[in-house]
Every structure is written in C-alpha cells, then in structure tokens.
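Numbering-wise, this note's numbering puts 170 at position 77 of the sequence shown, and it's gapless, one number per residue. Note that the Cβ used here is the ideal one computed from N, Cα and C, for glycine as well. Report on the structure given below.
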Amino acid sequence: MQLDPSTLSRQLKALGKKEYVESVAINRDNRQRKYSLSETGQTVLKTLTQQAQVYRKHVFSVWSEDEQRMMTILLNRLENSLNTNDIV
94 MQLDPSTLSR
104 QLKALGKKEY
114 VESVAINRDN
124 RQRKYSLSET
134 GQTVLKTLTQ
144 QAQVYRKHVF
154 SVWSEDEQRM
164 MTILLNRLEN
174 SLNTNDIV
C-alpha cells in the first residue's frame, strides 16, 4: 500500500493534535521527522486492541474452528492478491 505524502502528513498532523503520536526532527532541516506512539497513543491502541478481541470472540463464537480457519486462509489469499497485483 502506498500513501500520498500529503495524505500521510495530514493524518500524522491530526494524530499529533490528539497527542497520539510524537515526532522528532531527524536533522536540522526539520522536513524529515521520526514518529512514534505517545503514551496516550499506546493506551488508546491497547484499549482498541482489547475491544477488537472481545468483538472478534463474540462474532466468531458461532463459527466452527474449520470455518474460522477457512476464513483466515481466504483473507490471507485476498491480502496476497491485493499486494502482488498492486491494484490501487
């Protein structure tokens, strides 16, 4: 997946305003920056990950193990197809 630099810049700026990411300049020029999750961002990520796990368990609780394995296989195939064909 390739992102337009201006799109990525806007997204990082929005995450910075919410204090989810922190950045430091790589050199004096200040055009190149290194981004990392802030403590707030890490907390939000942990919370969302836990909520997603609960949701997945709920959704897949009625699926058999075979059905879950098949879904995993098919989603992996789809991801591989999208990555190798570079459709977007």
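CA-CA distance, Lys139 and Phe153?
Translated into positions along the sequence shown, residue 139 becomes position 46. Translated into positions along the sequence shown, residue 153 becomes position 60. When rounded, the distance between both Cα atoms is 21 Å.
Could you work out which residue in Gln104, Ser131, Arg103 is closest to Ser116 when comparing CA atoms only?
For this step, residue 116 is matched to residue 23 along the sequence shown. Taking Ser116 as reference, the option from Gln104, Ser131, Arg103 with the minimal CA-CA separation is Ser131.
Proximity of Val137 and Tyr128 at Cβ, strictly below 9 Å
Position 44 of the sequence shown holds residue 137. Position 35 of the sequence shown holds residue 128. Cβ distance not < 9 Å, so Val137 and Tyr128 don't count as in contact.
Opposing strand residues paired with Tyr128 [DSSP bridges]
Your numbering for residue 128 matches position 35 in the sequence shown. Answer is Ser116, bridged to Tyr128.
Per DSSP, what kind of secondary structure is Leu205 in: helix, strand or coil?
Because the chain is modelled from 94 through 181, residue 205 falls outside the range shown and cannot be assessed.
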